[in-house]
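Residue numbers (this note's numbering), protein chains in the order written: chain L, 295 to 642; chain G, 28 to 216.
C-beta: ideal position from N, C-alpha, C; glycine also.
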């Protein structure tokens, strides 16, 4: 027979056992959750760090951590992997669990430069559906292919048939036999690493981007999302659709606005100080800049450089135009004005 | 009496077992907390270095011709504001750029008037070097050599990193040596 003490020991033992087991199970669960999410965060952080390094150094790099993620999506600038991480630099990609190459690309405007990262794997597939097979379409397709990585495969979607090839072979076909070909509406279910670009004026269907002139459309819950794009937007459009283009244009506009303000104030300061600099302590004193950059004549009259005045006026107009998004012409004008200043020897 | 002693022994044994379990758990959590703060410090460190490298390479404050060699332009630095710094390089930053002027070495000069004149030149250069170019200091440009962005009180609890940079003096069309210091607050993401 069991004594009262033995029954007491048994009960206490059972209670302590249950308590300890519950406690350890809770901790194990918590640790597996924390460990999993910490690993995912570490991968996202490593990708962001690689992107930063490529952005500042300009040297391409490889990244191969995505294979360990269960979920992987990219809605610029957020990398989604169950949780999400906002990337530090403008980046566009078709996310892929395979080895990815990150390279920096810059849109150079002389006095202003906008850089971003293009990340890609060799499994990306771009299919074109040129329902309007005109000279303009073929030229536009070539623009698209030239703006995208060599590592992608390119091809046509013709009904349910698609055949892909390398970039060079595909460009050869665009400039060769394509003019004599006809294409049916694309009827292929796009895979994760595939993008389908349709050239005509139709309504976009799920998984396709419809391009008509300089306008791109994508299906949305309330009809279609539409954006006007330039050649510089093509990588963003193909990899991330309309939202990526809007993100790129926003990032570009924001940086351009800041750069214009800085350059405007700086040019005003330089052109003013250059007058004083050239005037003192003598009229014809040694100065590293030619008279065309501004000087004070023998009677003390200030002669402001026409080149500087033109650049300042253009930058002032550009400042106002950046706000409403209509700045393409003024940006081009500012590039010319800056080039004139360089030719005159006022800027290096 | 014997039964009571046995129960007491048993209770003490259970209590000791619970204390050991508690310490093991506390150690595990302590390790995690330490790892967390170490990761946070690494993130701040990386943010600081990123801000430094971005500043050295961006044409927004460098000269287009010298973009690859970390040359900051003095005129652009002079018109830069704290708002620009926060918008372009990240929030919660404190930034200082200092130009190092070439100064005469007066130690070997025996002749007193010459040494005093040399000292005077040296003092003038040192004053110019420490003169602030930003804000109201814009009027002193180009006779100034320090550019500071964002309020001083941000300097508390910040991680600082400095790198040598070249500074392009626009008005003289020359390049001089300088330093770029960036401070990132511990809480900045």
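DSSP state of residue i mapped onto helix, strand, coil
{"i": "residue 488/L", "result": "strand"}
{"i": "residue 482/L", "result": "coil"}
{"i": "residue 425/L", "result": "coil"}
{"i": "residue 642/L", "result": "coil"}
{"i": "residue 191/G", "result": "strand"}
{"i": "residue 497/L", "result": "coil"}
{"i": "residue 140/G", "result": "helix"}
{"i": "residue 380/L", "result": "strand"}
{"i": "residue 437/L", "result": "helix"}
{"i": "residue 88/G", "result": "coil"}
{"i": "residue 303/L", "result": "helix"}
{"i": "residue 420/L", "result": "strand"}
{"i": "residue 411/L", "result": "strand"}
{"i": "residue 365/L", "result": "coil"}
{"i": "residue 75/G", "result": "helix"}
9 Å Cβ cutoff, residue i in contact with chain G
{"i": "residue 302/L", "result": "yes"}
{"i": "residue 616/L", "result": "no"}
{"i": "residue 375/L", "result": "no"}
{"i": "residue 557/L", "result": "yes"}
{"i": "residue 528/L", "result": "no"}
{"i": "residue 553/L", "result": "yes"}
{"i": "residue 601/L", "result": "no"}
{"i": "residue 350/L", "result": "yes"}
{"i": "residue 563/L", "result": "yes"}
{"i": "residue 317/L", "result": "yes"}
{"i": "residue 353/L", "result": "no"}
{"i": "residue 333/L", "result": "no"}
{"i": "residue 343/L", "result": "yes"}
{"i": "residue 606/L", "result": "no"}
{"i": "residue 397/L", "result": "no"}
{"i": "residue 546/L", "result": "no"}
{"i": "residue 432/L", "result": "no"}
9 Å Cβ cutoff, residue i in contact with chain L
{"i": "residue 41/G", "result": "yes"}
{"i": "residue 200/G", "result": "yes"}
{"i": "residue 168/G", "result": "yes"}
{"i": "residue 206/G", "result": "no"}
{"i": "residue 67/G", "result": "no"}
{"i": "residue 194/G", "result": "no"}
{"i": "residue 126/G", "result": "no"}
{"i": "residue 111/G", "result": "yes"}
Nearest-angstrom Cα separation, counted from residue j out to residue i
{"i": "residue 539/L", "j": "residue 416/L", "result": "23 Å"}
{"i": "residue 443/L", "j": "residue 391/L", "result": "17 Å"}
{"i": "residue 439/L", "j": "residue 527/L", "result": "13 Å"}
{"i": "residue 486/L", "j": "residue 600/L", "result": "55 Å"}
{"i": "residue 604/L", "j": "residue 631/L", "result": "7 Å"}
{"i": "residue 469/L", "j": "residue 386/L", "result": "28 Å"}
{"i": "residue 105/G", "j": "residue 433/L", "result": "46 Å"}
{"i": "residue 352/L", "j": "residue 52/G", "result": "47 Å"}
{"i": "residue 187/G", "j": "residue 89/G", "result": "21 Å"}
{"i": "residue 500/L", "j": "residue 493/L", "result": "15 Å"}
{"i": "residue 162/G", "j": "residue 495/L", "result": "54 Å"}
{"i": "residue 15/G", "j": "residue 103/G", "result": "No answer is possible for residue 15/G: it lies beyond the span of chain G, which begins at 28 and ends at 216."}
{"i": "residue 466/L", "j": "residue 619/L", "result": "36 Å"}
{"i": "residue 113/G", "j": "residue 126/G", "result": "22 Å"}
{"i": "residue 423/L", "j": "residue 471/L", "result": "15 Å"}
{"i": "residue 49/G", "j": "residue 362/L", "result": "34 Å"}
{"i": "residue 109/G", "j": "residue 514/L", "result": "40 Å"}
{"i": "residue 145/G", "j": "residue 204/G", "result": "22 Å"}
{"i": "residue 404/L", "j": "residue 86/G", "result": "9 Å"}
{"i": "residue 641/L", "j": "residue 184/G", "result": "41 Å"}
Test item: CB-CB of residue i and residue j under 9 Å
{"i": "residue 157/G", "j": "residue 172/G", "result": "yes"}
{"i": "residue 488/L", "j": "residue 418/L", "result": "yes"}
{"i": "residue 610/L", "j": "residue 558/L", "result": "yes"}
{"i": "residue 602/L", "j": "residue 612/L", "result": "no"}
{"i": "residue 174/G", "j": "residue 159/G", "result": "yes"}
{"i": "residue 480/L", "j": "residue 421/L", "result": "yes"}
{"i": "residue 200/G", "j": "residue 97/G", "result": "no"}
{"i": "residue 536/L", "j": "residue 503/L", "result": "yes"}
{"i": "residue 563/L", "j": "residue 195/G", "result": "no"}
{"i": "residue 299/L", "j": "residue 337/L", "result": "no"}
{"i": "residue 406/L", "j": "residue 625/L", "result": "yes"}
{"i": "residue 441/L", "j": "residue 384/L", "result": "no"}
{"i": "residue 377/L", "j": "residue 342/L", "result": "no"}
Across the region 449 to 459 of chain L and the region 519 to 531 of chain L, are there enough close Cβ pairs to call them in contact, namely three or more that are closer than 8 Å?
no
So, do the region 380 to 400 of chain L and the region 454 to 474 of chain L have three or more beta carbon pairs nearer to each other than 8 Å?
no
The region 419 to 429 of chain L in contact with the region 32 to 52 of chain G per 3-pair CB rule at 8 Å
no
Okay, do the region 349 to 366 of chain L and the region 302 to 318 of chain L touch, 3+ Cβ pairs below 8 Å being the bar?
no
Contact the region 75 to 85 of chain G vs the region 333 to 353 of chain L: 3+ CB pairs below 8 Å:
yes
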